[in-house]
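Participant: Start counting the sequence shown at 0; every next residue gets the next number (numbering that gives the first Met the number 0).
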Amino acid sequence: MNTNCALFLSQCLHWQRHTKYDGWFAHTIEQFEFETGLSTDEQRSIKKTLKNKGILKIERRGNPCKNWYTIDLEVLYTLLEKQVEKSTNKKWENPTSSNGKIPHQEVGKSHNYINKEVIINSNNKIKKNINTKKTFINLNLIGITD
């Protein structure tokens, strides 16, 4: 489930970045399946997981009615921050590098994703860095595991 969630989340971040509707984008199950290879049942399960965590918001809009999606980046950061705080006294599965950055899994294929990099400074505070190159998210940090 982790890999599939990462793939779906990556695709949502891509479309959210390329929308002109305040971060909301319309997408069909068929479009997600074509782009990700995820079946209807897999998508349903992933959407439920991400919605329950508060990461994914879905609204029915328009005529004909379509699903519109957005990722709540603040919720995503908050979940990452909580997990990092809980884990600072534990050994990381992938130890931090010498520059203090937490190792992340790259998700998605596009070079136009948003990069959210979480850095622990010497005071164990979280610093957020956003640019427009790639998306790096370790879903284990926010409690989405295999």
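We put the CB at the ideal spot given by N, CA and C, even for glycine.
Here the structure is a predicted model, which means the values were calculated and not measured.
(1) In the DSSP assignment, find the unbroken beta strand (DSSP E) run with I70 in it and report its ends.
(2) For the beta strand (DSSP E) that K56 lies in, which residues bound it at each end?
(3) Which residues in the same chain have their Cβ closer than 8 Å to the Cβ of I54, if we skip the five residues on either side of it in sequence?
(4) Can you name the residues that DSSP bridges to Y20?
(5) Using only alpha-carbon positions, find the residue among K46, F24, G36 that is nearest to K65.
(6) Quick one: Cα of E105 to Cα of N3, how far?
Facilitator: With the given structure in hand:
(1) Per DSSP, I70 belongs to the beta strand (DSSP E) from 65-70.
(2) Note, K56: beta strand (DSSP E), 55-60.
(3) Around I54, the same chain offers L8, I70, D71, V74, L75, L78, I141 as residues with beta carbons nearer than 8 Å, after the five sequence neighbours per side are excluded.
(4) W23.
(5) Out of K46, F24, G36, F24 has the C-alpha closest to the C-alpha of K65.
(6) Bear in mind that the predicted position of E105 carries a pLDDT of just 42, short of 50, making it unreliable; the figure below should be weighed with that in mind. Cα-Cα distance, rounded: 13 Å.
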